[in-house]
Amino acid sequence: MKEDRYEHVDELLGAFQQFSKMNWQKLTMFGLKPSEIRVLITIRLRNTKADKQVLTVSEISKLLKVTSPTITQMVNSLLSQGFVVRTSDSQDRRISSIVLTEKGELLADKAVAKIREMFKGMVDYLGQEQSETLIDLLNRVHAYFEQIQDQPDGY
Numbered sequence: 494m495k496e497d498r499y500e501h502v503d504e505l506l507g508a509f510q511q512f513s514k515m516n517w518q519k520l521t522m523f524g525l526k527p528s529e530i531r532v533l534i535t536i537r538l539r540n541t542k543a544d545k546q547v548l549t550v551s552e553i554s555k556l557l558k559v560t561s562p563t564i565t566q567m568v569n570s571l572l573s574q575g576f577v578v579r580t581s582d583s584q585d586r587r588i589s590s591i592v593l594t595e596k597g598e599l600l601a602d603k604a605v606a607k608i609r610e611m612f613k614g615m616v617d618y619l620g621q622e623q624s625e626t627l628i629d630l631l632n633r634v635h636a637y638f639e640q641i642q643d644q645p646d647g648y
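Following our numbering, the numbering of the sequence shown begins with 494 at its first residue and continues without gaps.
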C-alpha cells in the first residue's frame with residue numbers, strides 16, 4: 494500500500510517559501526528599519542506590562558533572540574534619532590538601561606496599532622474559526638521547529 498501521508502510535503506514547503514518571498518515582516522515603517530521598530534515595540538510592550546520596567550541591551554537581546562552587539566547597533570541608531578535614552582544604574586554604573594522617550598513611545602504605539610490593524614484584517618478575511626485554527630497550527634509548527642532546532646543536524 495502506498496503511503497500518502499507525505500503527499501502534501503511539497504505544497505507545505507511551497508507555502509512556507511511564499512511567506513519568505515513576501516517580506517511582509519520587512520516593511521519599513523515611519524522611516525525606521527523593521528529591526529528598529531521591533532526593538533521599540535519590545536521595549537514599549539514590556540513597559541506596558543511591567544509598569545515601566547527598564548530593559549538592558551542583553552535583556553532586549555534575549556527577548557528578540559538576537560546578539561547583544563546587533564541590539565547595541567539598533568539602540569545606538571534609535572538613540573541618535575531621539576527614540577530612546579540610555580540611563581546608568583545608580584548602584585552599578587556598568588549597567589545601562591534603555592528607556593523610550595515620549596517620541597519613542599508615540600512611534601511604538603503607532604507601529605503596534607498599524608500591525609494590529611493588519612492582523613485584524615486577516616481575522617476578518619479568514620473568519621473567527623479559521624483564525625483560531627491558524628493560531629493553534631502556527632503555535633504547533635513553532636513548537637515543532639523549536640524541538641528539531643535543538644537536535645544535532647536540525648533533525
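Note that beta-carbon positions come from the ideal geometry of N, C-alpha and C, so glycine has one too.
None of the values given here were measured: they were computed from a predicted structure.
Do residue 577 and residue 597 have their C-beta atoms closer together than 8 Å?
As a working mapping, residue 577 is identified with position 84 in the sequence shown. As a working mapping, residue 597 is identified with position 104 in the sequence shown. Their beta carbons are under 8 Å apart, which means residue 577 touches residue 597 by this criterion.
Leaving out five residues before and five after residue 606 in sequence, what residues of the same chain have Cβ atoms less than 6 Å from its Cβ?
Residue 606 sits at position 113 when you count from the first residue of the sequence shown. Hits under 6 Å: none found.
Below 8 Å, can you find three or more Cβ-Cβ pairs linking the stretch 523-534 to the stretch 571-585?
yes
Going by Cα to Cα distance, which pick from 535, 565 and 575 is closest to residue 556?
By 1-based counting over the sequence shown, the position of residue 556 is 63. Ranking 535, 565 and 575 by Cα distance to residue 556 puts 535 first.
My output table needs one value for residue 628: the three-state DSSP class, helix, strand or coil.
Within the sequence shown, the letter at position 135 stands for residue 628. Correct three-state label for residue 628: helix.
Exposed or buried, residue 498, counting other C-beta atoms within 10 Å across all chains shown (16 or more means buried)?
Within the sequence shown, residue 498 is the residue found at index 5, counting from 1. Classification of residue 498: exposed, given that the 10 Å Cβ count is below 16.
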